[in-house]
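Enquirer:
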Amino acid sequence: MSAGVLLGHGLAVASILFVIGLIGVLVRRNLLFQLLSIEIMLNAAGMAFVIAGARWGQADGQVMFIFILVMAAAEVAVGLALLLRVSRRVRDLDGDAVSAMRG
Amino acid sequence: MDDLLCSLPIWLVPALPAVGFVVLAVVGGQLPRRWAAVIGTGSVGLSAATTLGVAACFLRHPPADGVRIETVWTWIDVGSFEIGFSLALDALSLVMIFVVSFVGFLIHLYSTEYMADDEGFSRFFAYMNLFVAFMLMLVLADNLFLLYLGWEGVGLCSYLLIGFWYTDAANGAAAQKAFIVTRVGDTAMAVALLLLFTHAGTLDVRQAMAWATENWAPGSTMAVAVALLLLGGAVGKSAQLPLQTWLPDAMAGPTPVSALIHAATMVTAGVYLIARTHAVFLLAPPAMTAVAVVGAATLLLAGCSALVQTDIKRVLAYSTIRQIGYMCLGVALGAWSAALFHLMTHGLFKVLVFLPAGAVILALHHEQDIFRMGGLRKRLPVVFWTFLLGSASLAALPVVTAGFYSKDLILWAAWASSAGAPWLWVAGAFGALLTAFYSFRLVFIVFFGDEKGHVEHRPGLKILIPLVVLAALSVIGGFVETPGWLGHVTAFSNLTETTLPAVDWAVTDHHVEHRLQAVVAGITLLGVLAAYLLYLRPSSIPTAVKATPLGAWLSRFWLSGWGFDTLYDRLFIRPFKGLAQLLRGDPFDEISATVARVAESGHSAMSRTQSGRIRTYAFGIGVGAVIAVAIVVLT
């Protein structure tokens, strides 16, 4: 399989994953699923980095993926902590119900 | 004795009523009525006494150039602009202060009884005193600035007193009308004074007049402009055409007010102004013609209106407008002394008609419709005789009345002075017919015929004394100036001609004069006879005339004062009110309001985006990212 086909298909998969993640964030009301969707988006971005690194034959892409992985772990830690607090406070995981603003 | 009289300062004359005003205004509410009456009447009485002393000194030791000046203090001193609070006494102002202080005193005395039951007793006297003070200041002022102060002051008092019974909205409206209409004239006058000041550099009457005579050519544009503007002021104050509409409505005030302000003194201030600034008018022949036309037109117009009025005071108001028309005519013909003479006699006899009319109104419990009066001759004898005398003087019955001598002088000037013209004489003579007719119509309707109305209040001494004194004065008053065939007394013109120019006679034939006098006397008697036939004898003619379409239309037209009110309503009041209605919502505020509204709607649009919903925010971020990428990719 040539590098060009790999790049094209790989980026297409990454884009599809990213859009799936984005749609998940937009349409899901449950905060837990929104967090999951964000993880998918992050992984889509990481996949794009890895594919690009493979295309140029460099390790930078995989380094970036490690960074993203670490950041995702941190984000999930904070996100799940917030999620717990929210679920305690409003007894619900509906993200829209959390809004206290009157705009 | 002379020294004592001559040491009397002139400023006491206006100052005494002013003090009366201050006292009444400050503590009037707490004073018992008797005290308020004593202060109000006494201050004017003392002023009249001072006038007498000052006049005696002036007549016995005439000042060198016919004028005695007294500077009380410097009022304004800015650069070259210096206005002294200075008073000048010359023949013209002497006649005026005589009329104002004496007639004023008698009317104050009359008012103590007329207003006795009124709640605003001390307020009334405070206003009246203020009026007398301002009026005396107006006529004594040595400069036009001070004159203007007095001029506006009497306008203010006129407003306050017309609207004296302010709880009735109609009175307030009449007061506003008087104030606003005269303001039109006053504005013209203010412009005239400013013009005079910018050109002559002074507002001192004598200096400004001397300057005008020296520097302005006869008939020059500036002179004509200033004269016409001054005429505008005079026309407003003296209720002449076309600003006459306020005076009939001004009768809403108490009767003593109508007598003092709107018959004897303030309304004649216009004539006084023209006489005071006669030098400018002499330089402006077109303005003089305008004065003559205004005078002649006004006297005919008001004469016709007086014929059909049914309110006793409105008849008298129109008659006042007419008589001032005569004065204007006299002034325009250069018969200054005759006009001033008529001003004096009119001041006496018009009050002599107004005060008995007031007594009748009071007796019938504020009834003013003449057709609800009748047969009062026997029940109010003194009032009847004084009213008859006043009306006779108003109608200018020959020989016995003051009005005859003064009106006759003006009519003779209309024929014989160099500015005169036969048509002016005809207008005046026709006016004499009308006056005789309507003044005796009043006498016959009110005092003769069947007894109507219930006399509730018989006039007491405080009403009767002023009536009798005025009756005597208005008879004697005529004899200070008599025609050639009756002693040829010229005391009055000798006095006034120290200040005012003499008449420039074009005709000096005394036979013509006598013949014209006979004609006018005949016309007057004809008018009285007509009134007798139509109103004293049972006659169906007045009602028959009123029944014809033309008669009915004319009667309505004249009753409404030749439709001037409607005309002004259409021409000025409605457009003004429409404009006010239009501007009520402040359309110019819309500009700034629009800015505020844009900011407000921007704010509400932006705040709607701050919903607090994570998904909306995420959507915003996503769209933003797409747009940003698209921009990068596509450009």
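Sequence order for the protein chains is P and Z.
In this text, residue positions in the first sequence follow this note's numbering: the first is 2, and each later residue adds one.
In this text, residue positions in the second sequence follow this note's numbering: the first is 74, and each later residue adds one.
All C-beta atoms, glycine included, are put in the ideal place defined by N, C-alpha and C.
#1: Counting only beta-carbon atoms, is serine 16 (chain P) nearer than 8 Å to chain Z?
#2: Whose C-beta lies closer than 6 Å to the C-beta of valine 580 (chain Z) among residues of the same chain, with five residues either side of it excluded?
#3: Please list the partners that isoleucine 700 (chain Z) has in chain P, where partner means a Cβ-to-Cβ separation under 8 Å.
#4: Which residues of the stretch 679–690 of chain Z have a Cβ closer than 7 Å to any Cβ of chain P? Give them in chain order.
#5: Quick one: using the 10 Å Cβ neighbour count with 16 as the cut-off for buried, is proline 87 (chain Z) buried or exposed?
#6: Kindly say whether glycine 695 (chain Z), judged by its beta-carbon, lies nearer than 8 Å to any beta-carbon of chain P.
#7: Indicate whether the contact test is met: 3 or more Cβ pairs, each with one atom in the stretch 302–313 of chain Z and one in the stretch 246–264 of chain Z, closer than 8 Å.
#8: Using Cβ-Cβ distances below 9 Å, what residues of the stretch 17–29 of chain P are close to chain Z?
#9: For glutamine 746 (chain Z), does the count of other Cβ atoms within 10 angstroms reach 16, so buried, or fall short, so exposed?
#10: For leucine 607 (chain Z) and aspartate 523 (chain Z), what's the separation of their Cα atoms in angstroms?
#11: Using only the alpha-carbon positions, how far apart do alanine 703 (chain Z) and valine 20 (chain P) sit?
#12: Would you mind sorting asparagine 567 (chain Z) into buried or exposed? The rule is 16 or more other CB atoms within 10 Å of its CB.
#13: Who are the neighbours of alanine 101 (chain P) on chain Z, taking C-beta pairs under 9 Å?
#14: Quick check on phenylalanine 649 (chain Z) - is its C-beta less than 8 Å from some C-beta in chain P?
#15: Drop a sphere of 10 angstroms on the beta-carbon of tyrosine 239 (chain Z), count the other beta-carbons inside from all chains shown, and report buried for 16 or more, exposed for fewer.
#16: Which residues of chain P have a Cβ atom closer than 8 Å to the Cβ of phenylalanine 252 (chain Z), listed in chain order?
#17: For leucine 104 (chain Z), tell me which candidate among Z:Ile170, Z:Arg196, Z:Asp322 and Z:Ile334 has the shortest Cα-Cα distance.
#18: Going by the beta-carbon positions, is the gap between leucine 437 (chain Z) and glycine 526 (chain Z) smaller than 8 Å?
#19: Helix, strand or coil: which one does DSSP assign to leucine 162 (chain Z)?
#20: What would DSSP say about methionine 2 (chain P), mapped onto helix, strand or coil?
#21: Any C-beta of chain Z sitting closer than 8 Å to the C-beta of aspartate 97 (chain P)?
#22: Is the separation between the beta-carbon of alanine 172 (chain P) and that of leucine 94 (chain P) shorter than 8 Å?
#23: For threonine 572 (chain Z), which residues of its own chain have a beta-carbon under 7 Å away from its beta-carbon, when the five flanking residues on both sides are left out?
#24: DSSP has lysine 525 (chain Z) in a bridge; who is on the other side?
#25: Got a sec? Which residues, its chain only, sit under 8 Å from lysine 619 (chain Z) by beta carbon, not counting five neighbours each side?
#26: Let me check one thing: in DSSP terms, what residues is phenylalanine 154 (chain Z) bridge-paired to?
#27: Below 8 Å between beta carbons: does that hold for phenylalanine 552 (chain Z) and valine 562 (chain Z)?
#28: Between glycine 550 (chain Z) and the rest of its own chain, which residues show a CB-CB distance below 7 Å, the 5 nearest in sequence each way excluded?
#29: Where does asparagine 31 (chain P) land, buried or exposed, given buried means 16+ other C-beta within 10 angstroms?
#30: May I have the straight-line CA-CA distance separating phenylalanine 66 (chain P) from tyrosine 690 (chain Z), to the nearest angstrom?
#31: CB histidine 335 (chain Z) to CB tryptophan 409 (chain Z), shorter than 8 Å?
#32: Measure how close the beta-carbons of valine 201 (chain Z) and glycine 113 (chain Z) come, nearest whole angstrom, since I'm counting them as under 8 Å.
#33: Which residue comes first and which comes last in the alpha helix (DSSP H) that contains glutamine 382 (chain Z)?
#34: What residues from the stretch 37–69 of chain P come within 8 Å of chain Z, judged by C-beta to C-beta, listed N to C?
#35: Just to confirm my understanding: we take leucine 85 (chain Z), look at its own chain, exclude 5 residues before and 5 after, and list those with CB closer than 6 Å. What are they?
#36: When we look at the beta-carbon of glutamate 663 (chain Z) and count the other beta-carbons within 10 Å, is it buried (16 or more) or exposed?
Expert: On the basis of the coordinates in this document:
#1: no
#2: Ala489
#3: What isoleucine 700 (chain Z) touches in chain P: nothing, since even the nearest Cβ is about 15 Å away.
#4: Ser680, Arg681, Thr682, Gln683, Ser684, Gly685, Arg686, Ile687 and Arg688
#5: Buried.
#6: yes
#7: yes
#8: Leu23, Val26, Leu27, Val28 and Arg29
#9: The question about residue 746 (chain Z) has no answer, for chain Z in this structure spans 74 to 708.
#10: 15 Å
#11: 16 Å
#12: Label assigned to asparagine 567 (chain Z): exposed.
#13: Gly685
#14: no
#15: exposed
#16: Here the premise fails: no neighbours, minimum Cβ distance about 57 Å.
#17: Z:Arg196
#18: yes
#19: strand
#20: Low per-residue confidence applies at methionine 2 (chain P): pLDDT is 49, beneath 50, and the placement is therefore not dependable enough to give any value.
#21: Look at aspartate 97 (chain P): its C-beta is under 8 Å from a C-beta on chain Z.
#22: An answer regarding residue 172 (chain P) cannot be provided, because it is not within the stretch 2 to 104 covered by chain P.
#23: Gly139, Asp163, Ala164 and Leu165
#24: Z:Gly447
#25: Ala625 and Ser628
#26: The secondary-structure analysis by DSSP pairs phenylalanine 154 (chain Z) across a beta bridge with Z:Val151.
#27: yes
#28: Met417, Thr418, Leu421 and Ala475
#29: exposed
#30: 26 Å
#31: No.
#32: A quick correction: the sequence has methionine, not valine, at residue 201 (chain Z). Going by Cβ atoms, the distance from methionine 201 (chain Z) to glycine 113 (chain Z) rounds to 6 Å, so yes, they are a contact pair.
#33: Element bounds for glutamine 382 (chain Z): n/a, residue is neither H nor E.
#34: none
#35: Thr123
#36: exposed
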